[in-house]
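Input: a single structure, listed below in C-alpha coordinates.
Residue numbers (our numbering): 116 to 360.
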(Lines of atoms letter the chains of each structure in order from A and count residues from 1; the text may use other names and numbers.)
(Lines give C-alpha, C1' and ligand atoms only; values in the text may rest on other atoms or scores of the structure.)
Protein backbone atom coordinates (compact mmCIF):
# COMPACT_ATOMS: atom_id res chain seq x y z
CA UNK A 1 0.00 0.00 0.00
CA UNK A 2 2.77 2.41 0.85
CA UNK A 3 4.59 1.59 -2.37
CA UNK A 4 1.41 2.20 -4.39
CA UNK A 5 0.68 5.54 -2.75
CA UNK A 6 4.28 6.61 -3.20
CA UNK A 7 4.08 5.62 -6.87
CA UNK A 8 0.86 7.65 -7.27
CA UNK A 9 2.47 10.67 -5.66
CA UNK A 10 5.42 10.39 -8.02
CA UNK A 11 3.09 10.02 -11.02
CA UNK A 12 1.10 13.03 -9.86
CA UNK A 13 4.28 15.03 -9.44
CA UNK A 14 5.60 13.99 -12.83
CA UNK A 15 2.24 14.37 -14.55
CA UNK A 16 0.86 17.64 -13.24
CA UNK A 17 3.45 19.78 -11.53
CA UNK A 18 6.27 19.43 -14.06
CA UNK A 19 4.14 20.43 -17.09
CA UNK A 20 2.86 23.36 -15.11
CA UNK A 21 6.41 24.55 -14.50
CA UNK A 22 7.22 24.09 -18.19
CA UNK A 23 4.17 26.10 -19.16
CA UNK A 24 5.21 28.90 -16.83
CA UNK A 25 8.69 28.94 -18.35
CA UNK A 26 7.26 28.90 -21.87
CA UNK A 27 4.87 31.71 -20.98
CA UNK A 28 7.76 33.75 -19.59
CA UNK A 29 9.76 33.16 -22.76
CA UNK A 30 6.82 34.35 -24.84
CA UNK A 31 6.65 37.53 -22.76
CA UNK A 32 10.36 38.14 -23.27
CA UNK A 33 10.03 37.62 -27.03
CA UNK A 34 7.04 39.94 -27.14
CA UNK A 35 9.04 42.82 -25.63
CA UNK A 36 12.05 42.50 -27.93
CA UNK A 37 12.29 45.11 -30.71
CA UNK A 38 11.46 43.57 -34.05
CA UNK A 39 13.97 43.82 -36.90
CA UNK A 40 11.80 45.65 -39.42
CA UNK A 41 14.51 47.64 -41.22
CA UNK A 42 15.85 45.69 -44.19
CA UNK A 43 19.06 46.11 -46.14
CA UNK A 44 17.65 48.61 -48.65
CA UNK A 45 16.06 50.69 -45.90
CA UNK A 46 19.29 50.65 -43.90
CA UNK A 47 21.28 51.84 -46.92
CA UNK A 48 18.74 54.58 -47.58
CA UNK A 49 18.91 55.59 -43.93
CA UNK A 50 22.69 56.04 -44.05
CA UNK A 51 22.64 57.76 -47.44
CA UNK A 52 19.80 60.04 -46.36
CA UNK A 53 21.67 60.93 -43.19
CA UNK A 54 24.84 61.83 -45.07
CA UNK A 55 23.05 63.76 -47.83
CA UNK A 56 21.28 66.31 -45.68
CA UNK A 57 20.30 69.90 -46.29
CA UNK A 58 23.86 71.21 -46.52
CA UNK A 59 24.45 70.23 -50.13
CA UNK A 60 21.37 72.24 -51.19
CA UNK A 61 22.07 75.44 -49.23
CA UNK A 62 25.87 75.60 -48.83
CA UNK A 63 27.06 76.13 -52.45
CA UNK A 64 25.62 79.64 -52.59
CA UNK A 65 27.18 80.57 -49.25
CA UNK A 66 30.61 79.19 -50.22
CA UNK A 67 30.62 81.13 -53.49
CA UNK A 68 29.45 84.31 -51.76
CA UNK A 69 32.19 84.01 -49.14
CA UNK A 70 35.03 83.36 -51.60
CA UNK A 71 33.85 85.78 -54.30
CA UNK A 72 35.05 83.74 -57.29
CA UNK A 73 34.64 80.31 -58.83
CA UNK A 74 38.29 79.23 -58.53
CA UNK A 75 38.71 79.56 -54.77
CA UNK A 76 35.19 78.22 -54.31
CA UNK A 77 36.10 74.99 -56.10
CA UNK A 78 39.35 74.85 -54.13
CA UNK A 79 37.41 75.06 -50.87
CA UNK A 80 35.11 72.25 -51.98
CA UNK A 81 38.09 70.07 -52.89
CA UNK A 82 39.81 70.77 -49.56
CA UNK A 83 36.61 70.00 -47.65
CA UNK A 84 36.34 66.73 -49.55
CA UNK A 85 39.88 65.76 -48.53
CA UNK A 86 39.16 66.62 -44.88
CA UNK A 87 35.90 64.65 -44.96
CA UNK A 88 37.72 61.64 -46.43
CA UNK A 89 40.37 61.78 -43.70
CA UNK A 90 37.64 61.99 -41.07
CA UNK A 91 35.85 58.99 -42.57
CA UNK A 92 39.08 56.97 -42.49
CA UNK A 93 39.61 57.90 -38.83
CA UNK A 94 36.09 56.74 -37.97
CA UNK A 95 36.67 53.50 -39.86
CA UNK A 96 39.84 52.87 -37.86
CA UNK A 97 38.10 53.68 -34.56
CA UNK A 98 35.21 51.40 -35.49
CA UNK A 99 37.55 48.46 -35.99
CA UNK A 100 39.50 49.18 -32.79
CA UNK A 101 36.56 49.92 -30.45
CA UNK A 102 33.70 47.62 -31.42
CA UNK A 103 31.01 49.23 -29.27
CA UNK A 104 27.79 50.95 -30.27
CA UNK A 105 26.99 54.48 -29.20
CA UNK A 106 28.60 56.71 -31.81
CA UNK A 107 31.40 58.91 -30.50
CA UNK A 108 30.60 58.12 -26.85
CA UNK A 109 32.70 54.92 -26.54
CA UNK A 110 35.58 56.53 -28.44
CA UNK A 111 35.70 59.52 -26.09
CA UNK A 112 35.23 57.28 -23.07
CA UNK A 113 38.24 55.17 -24.03
CA UNK A 114 40.39 58.22 -24.77
CA UNK A 115 39.36 60.79 -22.14
CA UNK A 116 37.19 59.01 -19.58
CA UNK A 117 33.54 59.05 -18.57
CA UNK A 118 33.33 62.79 -17.86
CA UNK A 119 34.28 63.96 -21.33
CA UNK A 120 32.12 61.29 -22.98
CA UNK A 121 29.12 62.30 -20.87
CA UNK A 122 29.57 66.01 -21.66
CA UNK A 123 29.78 65.26 -25.37
CA UNK A 124 26.65 63.10 -25.29
CA UNK A 125 24.75 65.72 -23.29
CA UNK A 126 25.83 68.48 -25.69
CA UNK A 127 24.89 66.37 -28.70
CA UNK A 128 21.42 65.54 -27.41
CA UNK A 129 20.58 68.99 -26.02
CA UNK A 130 22.32 71.33 -28.48
CA UNK A 131 23.87 69.82 -31.62
CA UNK A 132 21.11 67.47 -32.79
CA UNK A 133 18.18 69.84 -32.13
CA UNK A 134 20.04 72.64 -33.93
CA UNK A 135 20.77 70.35 -36.87
CA UNK A 136 17.15 69.22 -37.06
CA UNK A 137 15.99 72.84 -36.95
CA UNK A 138 18.27 73.84 -39.84
CA UNK A 139 17.16 70.86 -41.92
CA UNK A 140 13.48 71.59 -41.24
CA UNK A 141 13.90 75.29 -42.05
CA UNK A 142 15.68 74.45 -45.30
CA UNK A 143 12.89 72.09 -46.29
CA UNK A 144 10.25 74.65 -45.35
CA UNK A 145 11.93 77.40 -47.36
CA UNK A 146 12.14 75.28 -50.51
CA UNK A 147 8.59 73.96 -50.03
CA UNK A 148 7.10 77.44 -49.55
CA UNK A 149 9.03 79.17 -52.36
CA UNK A 150 6.67 78.06 -55.20
CA UNK A 151 3.76 79.73 -53.39
CA UNK A 152 5.60 83.08 -53.21
CA UNK A 153 6.96 83.71 -56.73
CA UNK A 154 9.29 86.66 -57.01
CA UNK A 155 9.79 87.11 -53.27
CA UNK A 156 11.08 85.35 -50.20
CA UNK A 157 8.53 83.40 -48.12
CA UNK A 158 7.61 85.18 -44.86
CA UNK A 159 9.59 83.96 -41.83
CA UNK A 160 6.39 83.07 -39.99
CA UNK A 161 5.29 80.75 -42.79
CA UNK A 162 8.71 79.13 -42.99
CA UNK A 163 8.93 78.55 -39.24
CA UNK A 164 5.38 77.18 -38.98
CA UNK A 165 5.96 74.83 -41.90
CA UNK A 166 9.26 73.67 -40.37
CA UNK A 167 7.59 72.97 -37.02
CA UNK A 168 4.78 71.09 -38.75
CA UNK A 169 7.28 68.96 -40.68
CA UNK A 170 9.10 68.01 -37.47
CA UNK A 171 5.83 67.05 -35.79
CA UNK A 172 4.84 65.00 -38.84
CA UNK A 173 8.15 63.11 -38.77
CA UNK A 174 7.72 62.40 -35.06
CA UNK A 175 4.19 61.12 -35.68
CA UNK A 176 5.32 58.85 -38.52
CA UNK A 177 8.10 57.35 -36.39
CA UNK A 178 5.68 56.78 -33.51
CA UNK A 179 3.12 55.04 -35.71
CA UNK A 180 5.27 52.46 -37.47
CA UNK A 181 8.90 51.63 -38.13
CA UNK A 182 8.03 50.35 -41.61
CA UNK A 183 6.16 53.53 -42.46
CA UNK A 184 9.12 55.59 -41.30
CA UNK A 185 11.41 53.44 -43.45
CA UNK A 186 9.21 53.98 -46.50
CA UNK A 187 9.24 57.75 -45.94
CA UNK A 188 13.02 57.71 -45.50
CA UNK A 189 13.48 55.68 -48.68
CA UNK A 190 11.27 58.06 -50.65
CA UNK A 191 13.12 61.19 -49.57
CA UNK A 192 16.52 59.55 -50.10
CA UNK A 193 15.62 58.64 -53.68
CA UNK A 194 14.21 62.15 -54.19
CA UNK A 195 17.44 63.77 -52.98
CA UNK A 196 19.57 61.53 -55.19
CA UNK A 197 17.35 62.35 -58.16
CA UNK A 198 17.61 66.10 -57.52
CA UNK A 199 21.41 65.90 -57.26
CA UNK A 200 21.54 63.88 -60.49
CA UNK A 201 19.40 66.51 -62.24
CA UNK A 202 21.75 69.27 -61.05
CA UNK A 203 24.83 67.39 -62.25
CA UNK A 204 23.32 66.59 -65.65
CA UNK A 205 22.08 70.16 -66.09
CA UNK A 206 25.55 71.51 -65.30
CA UNK A 207 27.17 69.12 -67.77
CA UNK A 208 24.69 70.14 -70.47
CA UNK A 209 25.36 73.85 -69.90
CA UNK A 210 29.12 73.26 -70.13
CA UNK A 211 28.63 71.30 -73.35
CA UNK A 212 26.63 74.21 -74.77
CA UNK A 213 29.60 76.54 -74.22
CA UNK A 214 28.49 78.37 -71.08
CA UNK A 215 32.02 78.73 -69.71
CA UNK A 216 32.17 82.47 -69.04
CA UNK A 217 32.45 81.88 -65.29
CA UNK A 218 35.48 79.61 -65.81
CA UNK A 219 37.62 82.39 -67.29
CA UNK A 220 39.67 84.36 -64.76
CA UNK A 221 38.38 82.05 -62.07
CA UNK A 222 40.38 83.72 -59.28
CA UNK A 223 39.52 87.29 -60.18
CA UNK A 224 37.81 89.13 -57.33
CA UNK A 225 38.42 86.35 -54.82
CA UNK A 226 38.39 87.19 -51.13
CA UNK A 227 41.52 86.83 -49.00
CA UNK A 228 39.83 87.56 -45.68
CA UNK A 229 40.45 84.96 -43.01
CA UNK A 230 36.86 85.29 -41.86
CA UNK A 231 35.45 84.69 -45.34
CA UNK A 232 37.71 81.68 -45.89
CA UNK A 233 36.74 80.22 -42.53
CA UNK A 234 33.04 80.75 -43.24
CA UNK A 235 33.43 79.10 -46.64
CA UNK A 236 35.10 76.06 -45.07
CA UNK A 237 32.36 75.92 -42.44
CA UNK A 238 29.63 75.83 -45.08
CA UNK A 239 31.53 73.31 -47.19
CA UNK A 240 32.12 70.95 -44.29
CA UNK A 241 28.48 71.34 -43.29
CA UNK A 242 27.49 69.96 -46.68
CA UNK A 243 29.81 66.96 -46.26
CA UNK A 244 28.53 66.38 -42.73
CA UNK A 245 24.92 66.27 -43.93
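Ideal placement from N, C-alpha and C gives every residue a C-beta, glycine not left out.
Which two residues bound the contiguous alpha helix (DSSP H) that contains residue 270?
Here residue 270 belongs to no alpha helix (DSSP H), and DSSP marks it neither H nor E.
Three-state secondary structure assigned by DSSP to residue 218:
coil
Buried or exposed: residue 225, going by 16 or more other Cβ atoms within 10 Å of its Cβ?
buried
Assign residue 191 to one of two classes, buried (16 or more other C-beta atoms within 10 Å of its C-beta) or exposed (fewer than that).
buried
Measure the CB-CB distance between residue 291 and residue 163 and report whether it falls below 9 Å.
no
Alpha helix (DSSP H) segments (min. 4 residues) lying fully within the segment 269-314:
274-294
Please name the residue in 170, 156, 157 whose C-alpha comes closest to that of residue 315.
170
Near residue 278, what residues of its chain come up, given a Cβ to Cβ distance below 8 Å and the 5 sequence neighbours on each side ignored?
256, 259
Output the distance between the C-alpha atoms of residue 353 and residue 195, rounded to the nearest integer angstrom.
10 Å
Inspect the CB distances between the segment 340-350 and the segment 178-187 and report whether three or more fall short of 8 Å.
yes
Can you tell me which of the three DSSP states residue 162 falls into?
helix
Spatial neighbours of residue 220 within its chain, please: C-beta separation below 6 Å, excluding the five flanking residues on both sides.
none
Please say whether residue 193 and residue 303 have beta carbons closer to each other than 9 Å?
no
Limits of the unbroken alpha helix (DSSP H) element including residue 241:
232-241
Please say whether residue 267 and residue 274 have beta carbons closer to each other than 9 Å?
no
Boundaries (first-last residue) of the alpha helix (DSSP H) holding residue 181:
173-185
May I have the straight-line CA-CA distance separating residue 313 from residue 306, to the nearest angstrom?
10 Å
Own chain residues within Cβ distance below 6 Å of residue 234, not counting five before or after
226
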